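Taking it in order: structure first as structure tokens, then the write-up.
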Amino acid sequence: MTDNRNTILAVILSGLVLIAWQYFYNVPQMEKQRAQQQAQTELQKTTPQPTASATPGAAPQAGGATQPATPGASQQAQPVVARDAAIAASPRVKIDTPRIAGSISLKGGRIDDVALVQFRETVDPKSPPIILYSPSGTAEPYYAEFGWVAATGVTAKMPDAQTVWQQDGSGSLTPSTPVMLKWDNGEGLTFRRTIAVDDHYLFTIKDKVSNVGNAPVTLYPFALISRHGAPQVSGYYILHEGLIGYLGDQGLQEYAYKKVDEAKQVNFKATNGWLGITDKYWASALLPDTNAQLQARFSSNPVGNVHTYQTDYLLDPVTVAIGGTATANARLFAGAKEASVVGVFPFAGLGGYNKELGLNHFDLLIDWGWFYFITKPMFLGLDFFYRFFGNFGISILLVTVIVKLLFFPLANKSYASMAKMKSIQPQLQALKERYPDDKVKQQQEMMEIYRKEKINPVAGCLPVLIQIPVFFSLYKVLFVTIEMRHAKFYGWIKDLSAPDPTNLFNLFGLIPFDPTTIPVFGHYLALGIWPIIMGITMWFQMKLNPTPPDPTQQIIFNWMPLIFTFMLAGFPAGLVIYWAWNNLLSVVQQSYIMRRNGVKVELFDNLKATFARKAT
1 MTDNRNTILA
11 VILSGLVLIA
21 WQYFYNVPQM
31 EKQRAQQQAQ
41 TELQKTTPQP
51 TASATPGAAP
61 QAGGATQPAT
71 PGASQQAQPV
81 VARDAAIAAS
91 PRVKIDTPRI
101 AGSISLKGGR
111 IDDVALVQFR
121 ETVDPKSPPI
131 ILYSPSGTAE
141 PYYAEFGWVA
151 ATGVTAKMPD
161 AQTVWQQDGS
171 GSLTPSTPVM
181 LKWDNGEGLT
191 FRRTIAVDDH
201 YLFTIKDKVS
211 NVGNAPVTLY
221 PFALISRHGA
231 PQVSGYYILH
241 EGLIGYLGDQ
251 GLQEYAYKKV
261 DEAKQVNFKA
271 TNGWLGITDK
281 YWASALLPDT
291 NAQLQARFSS
301 NPVGNVHTYQ
311 TDYLLDPVTV
321 AIGGTATANA
331 RLFAGAKEAS
341 VVGVFPFAGL
351 GGYNKELGLN
361 HFDLLIDWGW
371 FYFITKPMFL
381 GLDFFYRFFG
391 NFGISILLVT
401 VIVKLLFFPL
411 ANKSYASMAK
421 MKSIQPQLQA
431 LKERYPDDKV
441 KQQQEMMEIY
451 RKEKINPVAG
461 CLPVLIQIPV
471 FFSLYKVLFV
481 TIEMRHAKFY
491 GWIKDLSAPD
501 PTNLFNLFGL
511 IPFDPTTIPV
521 FGHYLALGIW
531 PIIMGITMWF
541 QMKLNPTPPD
551 PTQQIIFNWM
561 PLIFTFMLAG
571 FPAGLVIYWA
581 WNNLLSVVQQ
591 SYIMRRNGVK
601 VELFDNLKAT
611 FARKAT
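UniProt numbering puts the sequence shown at residues 1 to 616.
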């Protein structure tokens, strides 16, 4: 009965591993290939891309019949132009900060040119910086826009996407020098805008309108983020990429691009919220005042063969009396999702904007997942040691040791039980010889031995079960946090968040050939040095345990290191390093506990026996 139970448990664990591999590696690889093929097809097309104007989109109706529409993408299209040409086509104000380079378009007053200069496309520091925003008319327009819309019935001219603002003075937008813009509608309304930026990724926009006309005017402040065309996403089930927001009592709202395509428009009414669009490492989010009443919206508008995605909000209306003024404040986050900037913990220097601005769970802009209570502390530990050693690889090794120490009492009990199990193997073998045809009697006597020796027959599975949540939390941290992106270790590992770049099947670079480019099964031919090291350490750990009496179990445990070697080959190198180091620590720990319990450590004997059987 115990043998059957162990066999079933081993099969279940193997099945879970295979399912995880399918979700986290195989399916994303196929999706990636499909996306690449689709992208190549799209590049061959000359379909014009949509532009944006102040043509109203569908309006949120929560504000009543007089609720105006937030400006949105028009149904017009224009030929795609190069990004540099689009930037040069309109007068601009330069953005110059330690982390952002770009410009603000005076035509429309948009923030539509943002490059993140501290992050590069590849591990090569000379590679181009990450481009976040691009102007309308380019291949991938992405921008933020702010301003006013008139209440229903108001005929006054309002600034829109075609309006050319005038800059008061000259100079660039820097953390110490804000920019002031002005536009007069010629009908008594003068619009002024002050744009400031900090030394990270936060823009602060203050709009002011003065009325010297002959009638009061009712206006609604608005803000929007617009993205034309769905970007290529990672395609992983555990990561959200798309429209996101935390909207008051309605909590976290996540809409993938396909989901918002189906819904077309989703309206929210909330206080103390924020909303935007997130990628894996980068994000753009509107951060209104925490006490503002929002008429918020996620929307998708088809224009030709692409969709325009927009997150926007309207604030409560303000009436500008004759001779009076009105103001509106807005904030924009446009940058990298750094934990210390976004705000993960209110301590350890990781409070960020979430704490400074009193935002509502802005830390959820980083997708920590359902097991955030494990993932966040895991990141905190890695970041803590990184501040001392300056290497996330060393941090992984040290955090693994700490996890081992935390679970030492439980693992100690488990390994002690396994040691006792090994010591009673002769008694179990004698039972089989004494009752060769009576399986029931064998089980009864076996359970009696377990009871006398105080042995838990399934205790050997506990170290593996303990490792699973730690494994997935580290995987999540390596996968979603930008701090791990392009984080170096030693030797050939230049990016802990990427797979080991070496490959056994081209003799680790001696043969100028990439086996992973082979159609159909090429992505299985990725086997680097660290996955091989991991497989060897796992094999050692398996050989330290007693040989399972059941032949099925023997086959499973004999092949498991090889299966895991190929499975983990496509995982981040940091995760493979963790697993190999954990295996090595487990071998040392288990050997020590076995000696302390008077059980001979037969690791090398088992290894010799394995090779002897193969030789025979």
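Just so you know, even glycine gets a beta-carbon here, dropped at the ideal spot from N, CA and C.
Remember, it's a predicted structure, so these values are computed and weren't measured experimentally.
Keeping to the same chain, check which residues put their C-beta closer than 6 Å to that of L275; ignore five residues upstream and five downstream.
Excluding residues within five positions, the ones whose Cβ falls inside 6 Å are G245, L286, A296 and T311.
Mind listing, in chain order, the continuous alpha helix (DSSP H) runs of no fewer than 4 residues lying wholly within the stretch 357-389?
Complete alpha helix (DSSP H) runs here, min 4: 372-389.
When burial is assigned at 16 or more other CB atoms within 10 Å of the CB, is A569 buried or exposed?
Counting Cβ neighbours within 10 Å, A569 comes out buried, since at least 16 surround it.
From A89 to I533, what does the alpha carbon distance come to, in whole angstroms?
Roughly 55 Å between the two C-alpha positions.
Can you find a C-beta in chain C that's less than 8 Å from the C-beta of K107?
Among the chains of the structure shown, chain C does not appear; only one protein chain is present.
Just tell me which of F385, L181, F146 and V117 has its CA closest to the CA of S127.
Cα-wise, what sits closest to S127 is V117.
Check whether the Cβ atoms of P141 and P135 lie closer than 8 Å to each other.
In contact: P141 and P135 (Cβ atoms closer than 8 Å).
Excluding the 5 residues flanking E121 on each side, which residues of the same chain have their C-beta closer than 8 Å to its C-beta?
Taken in chain order, the residues that qualify are S127, P128, P129 and I130.
Apart from the five residues just before and just after residue 665, which ones in its own chain have a Cβ nearer than 6 Å to its Cβ?
The structure shown does not extend to residue 665, since the chain spans only 1 to 616, so no value can be given for it.
Comparing alpha-carbon positions, which option in G251, P288, V320 and F333 lies nearest L314?
Of the listed residues, the one whose Cα sits closest to L314 is P288.
Roughly how many angstroms lie between the CA atoms of A139 and D112, to the nearest whole one?
If I take the Cα positions, the gap works out to 13 Å.
In angstroms with no decimal places, state the Cα-to-Cα distance between R596 and I468.
Using only the alpha carbons, I get a separation of about 27 Å.
If T190 and S210 are in contact, beta carbons under 8 Å, what's the gap, nearest whole angstrom?
So it is a contact: roughly 5 Å between Cβ atoms.
Rounded to the nearest angstrom, how far is the Cβ of G109 from that of R193, given a contact under 8 Å?
Their Cβ separation, rounded to whole angstroms, is 6 Å, which keeps G109 and R193 in contact under 8 Å.
For A326, which of helix, strand or coil comes out of DSSP?
If DSSP states are grouped into helix, strand and coil, A326 belongs with the strands.
Leaving out five residues before and five after residue 622 in sequence, what residues of the same chain have Cβ atoms less than 6 Å from its Cβ?
Outside the displayed range of the chain (1 to 616) lies residue 622, so it cannot be described from this structure.
Who are I100's beta bridge partners in DSSP?
In the DSSP output, where bridge partners are listed per residue, I100 has L116.
Do the stretch 247-259 and the stretch 345-354 touch if we need at least three Cβ pairs shorter than 8 Å?
The stretch 247-259 vs the stretch 345-354: no contact.
According to the Cβ coordinates, are D168 and K182 closer than 8 Å?
Yes. Within cutoff.
With which residues is K208 paired in a DSSP beta bridge?
DSSP, once it has assigned bridges, lists R192 and T327 as partnering K208.
Cα separation between F146 and Y133?
The straight-line gap from Cα to Cα measures roughly 15 Å.
Using a 10 Å radius around the Cβ and a threshold of 16 neighbouring Cβ atoms, would you call R99 buried or exposed?
Burial call: buried.
Please determine whether the Cβ atom of Q166 lies at a distance below 7 Å from any heavy atom of the ligand COA.
This structure simply doesn't include the ligand COA, nor any ligand for that matter.
For I593, does the count of other Cβ atoms within 10 angstroms reach 16, so buried, or fall short, so exposed?
Flag for I593 reads buried.
Using the Cα positions of S103 and V164, report the straight-line distance between them to the nearest angstrom.
For S103 and V164, the distance between alpha carbons rounds to 15 Å.
Since P531 is in the alpha helix (DSSP H), which residue starts that stretch and which ends it?
I529 to L544 is the extent of the alpha helix (DSSP H) around P531.
May I have the straight-line CA-CA distance separating Q589 from Y435, to the nearest angstrom?
Those two C-alpha atoms are separated by around 36 Å.
Between the C-alpha atoms of L510 and T502, what's the straight-line distance to the nearest angstrom?
In a straight line, the C-alpha of L510 is about 10 Å away from that of T502.
To the nearest angstrom, how far is the alpha carbon of L406 from that of A339?
Cα to Cα, L406 sits roughly 25 Å from A339.
With a threshold of 16 other CB atoms inside 10 Å of the CB of E433, please say whether the residue is buried or exposed.
Looking at its Cβ environment, which holds fewer than 16 other Cβ atoms inside 10 Å, E433 is exposed.
Between which two residues does the beta strand (DSSP E) containing K269 stretch?
Where K269 is concerned, the enclosing beta strand (DSSP E) stretches over Q265 to T271.
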